[in-house]
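Taking full-length UniProt numbering, the leading residue of the first sequence gets 1, the next gets one more, and so forth. Since the structure comes first, as structure tokens, the remarks are kept for the end.
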Amino acid sequence: MNREFFFKRKLRMRSSATVRLSSTTKLCHHSVTAFKDSFIISSYYLHHHHHHILHLQSLDMSGDHAHKRHQMQSGSEDYNSHKHKDKHKDREHNHKEHKRDKERENSKNGNSEHRSSSEKKHREKEKERLKHKEKQKEEMFHSSDGKYRDKENGFVSSLSIKVEEDNGYHHPIKHEKPVKRERDEDEYEHKPKKLKMDNEKKVKKRKQEDSDYEEREEKKPKKRTKEVKKDSTGGKKKAKNEPEEKWKWWEEEKYTDGSKWRFLEHKGPVFPPPYEPLPDRIRFYYDGKAMKLSPGAEEVATFYAKMLDHEYTTKDIFRKNFFKDWRKEMRSEEKSKITELKKCDFTEMHEYFKAQSEARKQMSKEEKQKIKEENERILQEYGYCVMDNHKERIGNFRIEPPGLFRGRGDHPKMGKLKRRIRPEDIIINCSKDSVHPKPPPGTRWKEVRHDNKVTWLVSWTENIQGSIKYIMLNPSSRIKGEKDWQKYETARRLKKCVERIRAQYREDWRSKEMRIRQRAVALYFIDKLALRAGNEKDEGETADTVGCCSLRVEHIRLRPQMDGQDYVVELDFPGKDSIRYYNKVPVEKRVFKNLQLFLENKQGKDDLFDRLNTSILNKHLQELMDGLTAKVFRTYNASITLQQQLKELTSPDDNIPEKILSYNRANRAVAVLCNHQRAPPKTFEKSMHNLQTKIDEKNKQLSAAKKELKAAKADAKMLHDEKSKKAVETKKKAVQRISEQLMKLEVQATDREENKQIALGTSKLNYLDPRISVTWCKKWGVPIEKIYNKTQREKFAWAIDMTDEDFEF
DNA sequence: TGCTAAACTTAGGACTCCTACT
DNA sequence: AGTAGGAGTCCTAAGTTTAGCA
């Protein structure tokens, strides 16, 4: 795909070069501040770079420059001798696998058929663990600084605050008001004063299913505690069909045994309607002659016909793949006749579908209403499941319809037939004791399983890549929400130790081992530029895209000198979705020298980091911090940037629209950092032009109004009467009003222009800790609806509910 | 222990719906 | 009432990470 993705635009951000490095702060100042006259992206780097320099300086204060440089250089000579092209030599062998082992053990237990007994054991274990943890915490609270160590896992440790057992039996049903946990504390930050309160609070245990009855019975004796009284309104079950009012899952305990649910019931997927053959009057022509196709071949032909005015159909690979797969669906007579795609004429079919969609648009209100209702009915029936006593929305409950594969970028498989999924292809996952979904009449499922270690309800294997597709829950669900929350907690833990990690990789730039230097430089890129990890991909199966670890020589250029800056690295590569990443970054000399070294004796197609891959990198990261992986840096840097930018850009005296503009700009800074681009809307130029016209009109109005004002003033001066004075006032007001309107238009234009090819949604949805935004809204009195739409509010309900004004990421 | 499969998150584009204007 | 344009939703591909297996 030839998409143009340059950042042409200068973002006219408020420039403020001030670096706020308060002496007391222990936070990383990963700030994006200077947006002056440069691409936002580059200045971000610059600034970030600055941060690193600060760090470097402090390091160097205790060290010896010359000595270090010498080491580095002599080191680099060493490398030449053991440089290999072969990535697979030189692997790290002694990786700690503690965590993994633990988890394995857990899941073994959890898998046991004898749930109750193994669970008992589990619970015991868990209890022990929690107790232990609590003790640790207690100790920590009493330590003088009251701060936690970075290895403390906030997510897990919140549990330990709430160790109180519960009986697992008397659960409040949702309409009961649970005692809300204190909100003025961060859930996962542990402050001494809070601890007490939290300990007094009761924690509700996740509700059990009715169907889990025996199990609950069994638990009952063990779990009973003083806590019972708090939860004691439970017991009666809410009517099943009654819609679940917002359930605050975030106030409940999480599973700690690796299981994802206890009970799961759903209706299975919705299949697309079967193929409806075309009416006889719609004909397909081959080599100018009408030809009736067999239903199978016809269906595939319609897939192509529908795409006729899409760019895909102009691409050779697409056409070739389509034709090959199409022929497979033909009867032998058809196959022998139809041998060239370019002799195929699909235009009647194409017109037919266009007419159909036109007709759909022209449908009467009633008809549309009917369709809407039908969709709603399907949603109600299939769009929800019951998971652990709560009705939860399913994300994608429809099976993907057949069609032609639309791979992105230069995908070698584009145009291939994505075949229709049948019930026999489908694996159902639900609990044993649930009412299993019924396959359509006369069919059967491939399998029904009961695996509560996974979150999916339905899966099937797709035929293009042979990968598995899943039906899972909506982002508003507990299961997705908890994970999301956890993700941000991990990023916040990184915040606590990121300085240490940076110091470490800077140190590693001088290592005498090549693999370590490569690792360190890659990590630097990931941290500084928010690059993705960059897994290896199967060549020929997917588009050629890269991430950090898979960068090749051809993707990078070293400029000792560029635009008045030293040591500039120019990166230009296709990233995820074949979106171009283009950036010029000044780096530290040591990085630059290392890169030169990595590039020695290599060709364009060779890997830049030939001794590194994502698994090596992640193993290393795991050792630096529990739960740390490459993508955590993206989350961390995105969120911290938002927080920083909001601080920077929000002026107290701004009105709400101006505040929102600031928010959008902060958001935009993140989107630029993460390289979230979009194709400029097709109508962009036009709508921009329209807006400009409006602005011009306003301008005319304004000058007219000004003229009038002037005249009125002159009159008033001459006449000195009340009437003319009043006229002056009126005119003044008019001028003011108009210039305000003008200003608004201009702001809008700026915002839109700046946003031309930047997509804000992705970062908002996936990288920015929602609590930052909630806090900001509260602080400045901006309604949350201005920042998050309904869906987003549902997804981030946990954050909206639990965050208060002084949350800090 | 190294590789592959599975599971789950992140991503941009297509499509649909709503709204503010004509 | 009709429509353009943008917001919101849906869709599913393309990543990352984890789990599982030989």
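Idealized CB from N, CA, C, for every residue including glycine.
Sub-7 Å separation of residue i and residue j beta-carbons
| i | j | result |
| --- | --- | --- |
| Ala530 | Cys548 | no |
| Glu424 | Lys446 | yes |
| Arg552 | Asp484 | no |
| Ile738 | Leu702 | yes |
| Trp509 | Arg590 | yes |
| Ile464 | Phe405 | yes |
| Phe303 | Gly403 | yes |
| Trp326 | Asn452 | no |
| Pro679 | Ser763 | The displayed chain sequence assigns Ala, not Pro, to residue 679. Against a cut-off of 7 Å, the Cβ pair of Ser763 and Ala679 comes out as no contact. |
| His620 | Arg519 | yes |
| Pro475 | Lys795 | yes |
| Leu624 | Val747 | no |
| Glu539 | Arg557 | no |
| Arg319 | Leu293 | no |
| Phe263 | Ser431 | yes |
| Tyr382 | Val270 | yes |
Residue i burial status per 10 Å Cβ neighbour count (16 or more: buried)
| i | result |
| --- | --- |
| Gly466 | exposed |
| Asn601 | exposed |
| Glu754 | buried |
| Ile656 | exposed |
| Gly534 | buried |
| Met743 | exposed |
| Lys131 | With a pLDDT of 39 at Lys131, under the threshold of 50, the modelled position of this residue cannot be trusted, and the question is left open. |
| Ile371 | exposed |
| Ser332 | exposed |
| Ala669 | buried |
| Ser639 | buried |
| Gly449 | Note that residue 449 corresponds to Arg in the displayed sequence, not to Gly. So Arg449 counts as exposed. |
| Phe35 | Model confidence at Phe35 stands at a pLDDT of 27, short of 50, so the residue's coordinates are unreliable and nothing is read from them. |
| Ile468 | exposed |
| Gln596 | exposed |
Where the alpha helix (DSSP H) through residue i begins and ends
| i | result |
| --- | --- |
| Ser615 | Thr614 to Leu624 |
| Cys497 | Arg478 to Asp508 |
| Asn396 | No alpha helix (DSSP H) contains Asn396, which DSSP labels as neither H nor E. |
| Ser459 | Here Ser459 belongs to no alpha helix (DSSP H); instead the beta strand (DSSP E) covers Val458 to Thr461. |
| Asn664 | Ile656 to Leu673 |
| Tyr352 | Thr347 to Gln362 |
| Cys385 | No alpha helix (DSSP H) holds Cys385; the beta strand (DSSP E) holding it covers Tyr384 to Met387. |
| Asn321 | Asp316 to Glu329 |
| Ile428 | That residue, Ile428, is in no alpha helix (DSSP H); its beta strand (DSSP E) goes Ile427 to Asn429. |
Chain-order list of residues whose beta-carbon lies under 6 Å from that of residue i (same chain, five-residue window excluded)
| i | result |
| --- | --- |
| Ile526 | Cys548, Ala630 and Phe633 |
| Ala734 | Ala705 |
| Ala543 | Gly409, Asp410, His411 and Ser578 |
| Asp715 | Ser724 |
| Thr313 | Met307 |
| Val774 | Ala799, Ile800 and Thr803 |
| Tyr352 | Ile282 |
| Ala297 | Glu329, Met330 and Glu334 |
Contacting residues, own chain, Cβ-Cβ under 7 Å from residue i (five flanking each side not counted)
| i | result |
| --- | --- |
| Gln677 | Phe5, Ile579, Gln757, Ile758 and Ala759 |
| His67 | With a pLDDT of 30 at His67, under the threshold of 50, the predicted position of this residue should be treated as unreliable, though the coordinate-derived value follows. If we look at His67 and ignore the five residues flanking it on each side, it has no Cβ neighbours. |
| Lys343 | Tyr286 and Asp287 |
Residues that residue i bridges to, as DSSP identifies them
| i | result |
| --- | --- |
| Ile556 | Leu571 |
| Glu539 | Thr542 |
| Ala290 | Tyr285 |
| Lys584 | Glu570 |
| Leu264 | Met387 |
Unbroken beta strand (DSSP E) run spanning residue i, endpoints
| i | result |
| --- | --- |
| Lys391 | His390 to Arg393 |
| Lys469 | Ile468 to Ile471 |
| Asn452 | Per DSSP, Asn452 belongs to no beta strand (DSSP E) and is neither H nor E. |
| Ile640 | That residue, Ile640, is in no beta strand (DSSP E); its alpha helix (DSSP H) goes Ala630 to Leu649. |
Close beta carbons around residue i, own chain, < 8 Å, minus the five adjacent residues each side
| i | result |
| --- | --- |
| Pro574 | Gly409, Ala543, Asp544, Thr545, Val546, Arg580 and Tyr581 |
| Lys335 | Arg327 |
| residue 890 | As displayed, the chain neither begins before 1 nor continues past 809, which places residue 890 out of reach and without an answer. |
| Val435 | Glu265 |
| Asn789 | none |
| Lys694 | Leu745 |
| Ile516 | Asp508 |
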